[in-house]
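Counted the way this note's numbering counts, the sequence shown spans residues 6 to 88.
Just so you know, even glycine gets a beta-carbon here, dropped at the ideal spot from N, CA and C.
This report refers to the structure that appears directly beneath it.
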Amino acid sequence: MVPPVHPLARGTKVVTLQGETEFDNEGEERVTSPGSVGRITGIANERDNGDPGFCYDLEFDDGQWVTRDDFELDDSTRYRVVG
């Protein structure tokens, strides 16, 4: 599988193959099931740690959200960009 070309556009759909478990600012767990479809809703022109690259806001159909860097979305064992 060929990795996606960055930057990906807002509205691009991304499937989480393994699911997501994150914690919000209050320490509440946010869980997204494997196979859930998310959409890119925001794009930053640097990775979360400030390195060159891109960081994406993903909002899933179940209302959960995560931020992921470009290299994370390139991992075909974790994500599939579907357009």
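Boundaries of the alpha helix (DSSP H) in which residue i is found, first to last residue
{"i": "LEU78", "result": "75-78"}
Secondary structure of residue i, DSSP reduced to three states
{"i": "ILE87", "result": "The sequence shown places Val at residue 87, rather than the Ile named in the question. Three-state DSSP puts VAL87 in coil, outside helix and strand."}
{"i": "GLY43", "result": "strand"}
{"i": "PRO12", "result": "coil"}
{"i": "GLU31", "result": "coil"}
{"i": "THR37", "result": "strand"}
{"i": "ASN50", "result": "strand"}
{"i": "THR82", "result": "coil"}
N- and C-terminal bounds of the beta strand (DSSP E) containing residue i
{"i": "THR26", "result": "25-28"}
{"i": "GLY58", "result": "57-65"}
{"i": "THR21", "result": "18-21"}
Proximity below 8 Å, CB of residue i to CB of residue j
{"i": "THR21", "j": "PRO39", "result": "yes"}
{"i": "ASP79", "j": "THR37", "result": "no"}
{"i": "GLU25", "j": "GLN69", "result": "yes"}
{"i": "VAL19", "j": "GLY43", "result": "yes"}
{"i": "TYR61", "j": "ARG52", "result": "no"}
{"i": "ARG83", "j": "GLN23", "result": "yes"}
{"i": "SER41", "j": "PHE65", "result": "yes"}
Status (buried if at least 16 other CB within 10 Å, exposed otherwise) for residue i
{"i": "ARG15", "result": "exposed"}
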